[in-house]
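Notes follow once the structure below has been shown.
There are 4 protein chains.
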Amino acid sequence: MIAVLKNGTSEKQIDSLCTWLKTQGLDVHISKGSEHTVIGLIGDTSKIDAELIESLDIVETVKRISEPFKSANRKFHPDDSIINVGNTSVGGDIFAIMAGPCSVESEEQVMEIAKAVKASGATMLRGGAFKPRTSPYDFQGLKACGIEFLLEAKKETGLPIVTEIMNANHLSLFEEVDVIQVGARNMQNFELLKELGRTKKTILLKRGLANTIKEFLMSAEYIMAGGNENIILCERGIRTFETYTRNTLDLSAIPTLRELTHLPIIVDPSHATGVARLVKPMALAAAAAGADGLMIEVHNDPTHALCDGAQSLTPDAFADVTAAVRKVLDAVKGVY
Amino acid sequence: MIAVLKNGTSEKQIDSLCTWLKTQGLDVHISKGSEHTVIGLIGDTSKIDAELIESLDIVETVKRISEPFKSANRKFHPDDSIINVGNTSVGGDIFAIMAGPCSVESEEQVMEIAKAVKASGATMLRGGAFKPRTSPYDFQGLKACGIEFLLEAKKETGLPIVTEIMNANHLSLFEEVDVIQVGARNMQNFELLKELGRTKKTILLKRGLANTIKEFLMSAEYIMAGGNENIILCERGIRTFETYTRNTLDLSAIPTLRELTHLPIIVDPSHATGVARLVKPMALAAAAAGADGLMIEVHNDPTHALCDGAQSLTPDAFADVTAAVRKVLDAVKGVY
Amino acid sequence: MIAVLKNGTSEKQIDSLCTWLKTQGLDVHISKGSEHTVIGLIGDTSKIDAELIESLDIVETVKRISEPFKSANRKFHPDDSIINVGNTSVGGDIFAIMAGPCSVESEEQVMEIAKAVKASGATMLRGGAFKPRTSPYDFQGLKACGIEFLLEAKKETGLPIVTEIMNANHLSLFEEVDVIQVGARNMQNFELLKELGRTKKTILLKRGLANTIKEFLMSAEYIMAGGNENIILCERGIRTFETYTRNTLDLSAIPTLRELTHLPIIVDPSHATGVARLVKPMALAAAAAGADGLMIEVHNDPTHALCDGAQSLTPDAFADVTAAVRKVLDAVKGVY
Amino acid sequence: MIAVLKNGTSEKQIDSLCTWLKTQGLDVHISKGSEHTVIGLIGDTSKIDAELIESLDIVETVKRISEPFKSANRKFHPDDSIINVGNTSVGGDIFAIMAGPCSVESEEQVMEIAKAVKASGATMLRGGAFKPRTSPYDFQGLKACGIEFLLEAKKETGLPIVTEIMNANHLSLFEEVDVIQVGARNMQNFELLKELGRTKKTILLKRGLANTIKEFLMSAEYIMAGGNENIILCERGIRTFETYTRNTLDLSAIPTLRELTHLPIIVDPSHATGVARLVKPMALAAAAAGADGLMIEVHNDPTHALCDGAQSLTPDAFADVTAAVRKVLDAVKGVY
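Protein chains in written order, with the working numbering: chain A, 12 to 347; chain B, 12 to 347; chain C, 12 to 347; chain D, 12 to 347.
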């Protein structure tokens, strides 16, 4: 960490700052320029609060050189993490495909979709039981009942299930859920993250609408700091000025996260674009960019989906996407 | 609500759609253009899910003409809401000034700041007991103990207190808290909003980093739909590409919200800019633009604040700001 | 086009508006809702100024249903445009690869890179002679001399050349240049676009940092309205809050533009990310998403590039990228 | 300037870099941390290309500590610049109010508005003769003829005139124009900026839609580097995700620019919001935040304005705004 001091800082102030920094267990290294003095903080600065130092009267700016995330950091865990989920896994050689309806609507619906997506190569079933909706008047999901239907479909097809949690108090309902999703709007619901860190459940953490990659990793770090290292990251589009797509899918997040962390990274092209006919090209692009998997919305009757229907694929369109994804995966085998 | 149909939609499809819409309790009005047919939905469309209709095969786009928020809507509640808080209020003739430390650090600290800000005209004391921090390794607040210290300061000074909640399970700790703050990162934590809607506590709702004004109002609507209409809105900066300030303060939100809603609107220039010396000009600008109040960070020793020190004012600087704010308020009396 | 009228508009005002619209050659269709009256404008509204109508006292909002771009619109030109450039082309079956240095530095440099990129499958040579730089103190390019060096390299290798124009007064220097690039910062330099519309040169138009896809197409329309239909579109990243990459590459622009326009679309992963090691994954992703080509920065000595060196590939790294791109192109043959 | 070296850089590489830096006229200061070595560059680094250094193999990041702008920098020119324009000025004690129509439509129109705005306290007349429009099919302005009409109005009222240039080749038409405006879309049209730097005309430079404050100052620096120091900066809103207003007015740019530069700063609330009824609150906020002036659109018949009518005020509404602005200016006299 580097602290650039303000012009006109006196020797005495510098001494006093250095003394204090040393009490924090750091070594300091002073470098005087023609306009500014710069102090280098040497040692483990990961638990130092940069804003605290930046707040000092004599400090102009502070710049971190080491990353503030540790457990998620590839530097300290060079090998890719492989997260086992039921009879399959995410990360490593298996390309995960999580598919299913935005909202669970009925047992028949989930069962029909589960069978269809399994036939096309899905490795997990996803479906929303608790639904975060912008309006309190929109459909909020079947809740506990929706989880029941997903578990029925799991029993029938063997597919592990992924579903979103919105409230830590509901955790007991998720006991047989294989992967618990934290949605984009809850990426910085730190209380929820801490609670999930105390479990051993696999967590699928979605990037927030307006969150940087570093913040994304810090949210993973919240869960890991509690002892739970079973985390799958999911890029799902960020908010920009462009209005043609619902969000802007940031595929450069894949290789960037690959560098910074050992955690697996999947992509959700359905929510990122909000448009069914953009799902295929973005799924292929994600596969080509080195993603560990995809999360895709599939509905048996998109014209009647209770939410996000505009971005759902039919089972046939999904089968077409997975076939094309396999071709791209073969093509990029060994290129990274 | 207007639905623009795709080119090539048949008469039969149009009939079938209209029939279905009528079963939802709406009247329809069909208008055929040279390229597109447009269906107008007439009646109470506030509880209709626009995405559901947009997902239909034959529909190109859907446009809401009436706003989807009702309880927060000025159209149905033309007079400004005045929210009573202890011996003061927010909205109407009183200009609210909430001031205090980012983090409660000790009883002495809070007491000293409370007395200082009261002397300079603060109408409420704010202070963080539960702190949302990007990193799990940063200081997370004194929690219950912090609330105790705030209540001591309230007893001593008579100032009502404002403090943030991060978890609905902590509600019992907030019983004597006058205003419960929902932070920007929790603006779309719908479970928390619903829980607060079931209370009668006054809620200070902060705008999310990447949330539109309409989404902001929908989050207020979540609380109001539960029966709690005691809401204060707070603009605190949005995330943009500009890096000089921490966020970009969107002051046009004040007159815009004034038009759309009857709820009072305050501004937090401290978090919006993240820079102490920008607090004064932005506080004056907010007062000039018609805000109902301000939330300002004040610390007795900014160089040692445990968080966000860079944006805190000293008590003297705060007194200077409030004096200038009073002048601006006098100047704009009656101009709107 | 649809105009939503304000509440309380009188019959007489509506009549008067309709009469005026009819004098503009449009038919009108009136639809009265419970809260609002909506007027549909029927006929060729492409040359109607929506803002003019929105400015009327009685109008609340205006919404275009047909797109305001005509020459670039796929609806009126269903087949993909193929732009011939020297002995090659962009669009259709040929995948264009434009490669070369950010800045032309010397004849030797350009010649060496030209031969190297040709050997790895580049179809064109790109290099900057006139350089847009944020600072007036940064290197501004070799200008006319740089173009000479590019032409020498073209003579030697047969590769058509692509280079940026910043001033219409320089057009005479571009006579033998095969493709004239308009940079992101000039995407809405309408005077330059109009001047280029009067030529028959092939124009590579880059998307502006903060421009929507619709604005991008309107800028192409500026050139086409002048009679020049030889346009190649280039997605090169948009500005967002994320700071890890220089810009955020918006790959969903590829299928979106594919739908909206017949013009070919290439992608520049070098400028989009600003990081050499992200070029390969983003190039593969672009190929998988259906791009018609790539523009990639290649330098023989990246550690001494006069500008943008951080994002340049060595010739060897470039060869590795093109080999991988070919595999992905084979994989996606026929999938769209 | 500080360069952080990559892990594993050898002593020999460090020596070689330092030797090279010294040949550039800089002193270097080396600081070795536990993870990274940091080199401080001491001396005049304003003309050093940071990207060049960042491109070196052994360098991880580069951070400027001194600003790269010199002529515009308050550090080297502590007093506020006052720009004289005809019989008035911008900066210092005079609060500039530039008012007039978005587009010049006729001599009568301009004359009528000029008289009206003068009566309400405008210090200059602004009007568009050359109009940048997103669509080639929208009205492009009366051009030379529009300037004639403005000059007639100047002769009649004595108000200096402000009008936009889009092409340096038109400069001869601007000989009698008092202030030449460079629009947001041309803020980084560096060729135009350089050409204007060679004149002695006063330039009103508008901030680009997606440009940072630092880039804004670098564009001013382009003009100043040519010898022309008569520059007025204008904040006019930046592009964000919010769609309620056309842009998001960034009023924190006023105090920020005040710190960084000695150039005067005005605000354009009309273009920033795009909504006439938001002009007044944003004008008052700008005055309260310390702006040196305003640019406001006024039209005698907003319902028939050829462009941007939705954001124009009537002369009466403008008079109401200027009266309120005067009150706020009185209130903030001496507060900064």
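Note that beta-carbon positions come from the ideal geometry of N, C-alpha and C, so glycine has one too.
Keep in mind that this is a model prediction, so the values were computed, not measured.
- If you draw a straight line from the Cα of V121/A to the Cα of L161/A, it is about 7 angstroms long.
- Judged by their CB atoms, A155/D and L184/D are nearer to each other than the 7 angstroms cut-off.
- In this structure, K43/D is the residue among G36/D, K43/D, L67/D, K211/D with its C-alpha nearest to the C-alpha of E22/D.
- Going by beta carbons, V190/C and G157/C fall outside the 7 angstroms limit.
- In the structure shown, the three-state DSSP call for T30/B is helix.
- The C-alpha of L215/D lies about 12 angstroms from the C-alpha of N197/D.
- Proximity of chain C to S42/B at the Cβ level (cut-off 7 angstroms) is accounted for by H40, S42, G51, in chain order.
- With a threshold of 7 angstroms between beta carbons, K154/D makes no contact with chain A.
- Proximity of F87/D to chain C, defined by a Cβ-Cβ separation below 7 angstroms, is not satisfied.
- Between K86/C and the set L260/C, R269/C, I93/C, K129/C, the nearest pair of CA atoms involves R269/C.
- Any Cβ of chain B closer than 7 angstroms to the Cβ of F252/C would place that residue at the interface, and such an atom is present.
- Segment contact: the stretch 86 to 101 of chain D against the stretch 16 to 33 of chain D, fewer than three CB-CB distances shorter than 8 angstroms; contact not assigned.
- The beta-carbon distance between N239/B and T210/B, rounded to whole angstroms, is 6 angstroms. This is short enough to meet the 8 angstroms contact definition.
- The beta-bridge partner set that DSSP reports for I41/D consists of I50/D.
- With fewer than 16 neighbouring CB atoms inside 10 Å of its own CB, N98/C falls in the exposed class.
- With distances taken between CA atoms, I243/C lies nearest to M109/C out of T72/C, M109/C, I53/C.
- Taking 9 angstroms as the cut-off between beta carbons, the residues of the stretch 166 to 181 of chain D near chain C are M177, N178, A179, N180, H181, in sequence order.
- Looking at the DSSP output, A110/C shares a beta bridge with L136/C, I307/C.
- Take F329/C, set aside five residues on each side of it, and the residues of its chain with a beta-carbon closer than 7 angstroms to its own are A110, V128, S131, I307, V309, in chain order.
- Residues of chain A with a Cβ closer than 8 angstroms to the Cβ of M293/C are, in chain order, L262, S263, P266, A300.
- Chain A places no beta carbon closer than 7 angstroms to that of K74/C, leaving this residue out of the contacts.
- In this structure, DSSP gives N239/A a state outside helix and strand, which the three-state scheme calls coil.
- At least 7 angstroms separates the CB of Y255/B from every CB of chain A.
- Residue S92/D holds the alpha-carbon nearest to the alpha-carbon of T272/D among E71/D, D68/D, S92/D.
- For E123/A, the enclosing alpha helix (DSSP H) covers residues 118 to 130.
- Fewer than three pairs of CB atoms, one per stretch, sit closer than 8 angstroms, so the stretch 246 to 255 of chain D makes no contact with the stretch 198 to 207 of chain D.
- Note on geometry: alpha-carbon atoms of L324/D and D149/A lie some 39 angstroms from one another.
- K126/B and Q151/A have their C-alpha atoms some 46 angstroms from each other.
- Taking 7 angstroms as the cut-off, the Cβ atoms of L52/C and L37/C count as close.
- Residue M229/C holds the alpha-carbon nearest to the alpha-carbon of R144/D among T48/C, L67/C, M229/C.
- From the listed residues A294/B, G301/B, A287/B, D303/B, the smallest Cα separation to G301/D is found for A294/B.
- One Cα belongs to T333/A, the other to L305/A, and the distance between them is close to 10 angstroms.
- Within chain D, the residues I13, V49 have their CB atoms less than 7 angstroms from the CB of I13/A, given in chain order.
- If you check the CB distance, V101/B and P275/B come in under 7 angstroms.
- Look at A221/B: its C-beta is under 7 angstroms from a C-beta on chain A.
- Bounds of any beta strand (DSSP E) do not take in T254/D, whose DSSP letter is neither H nor E.
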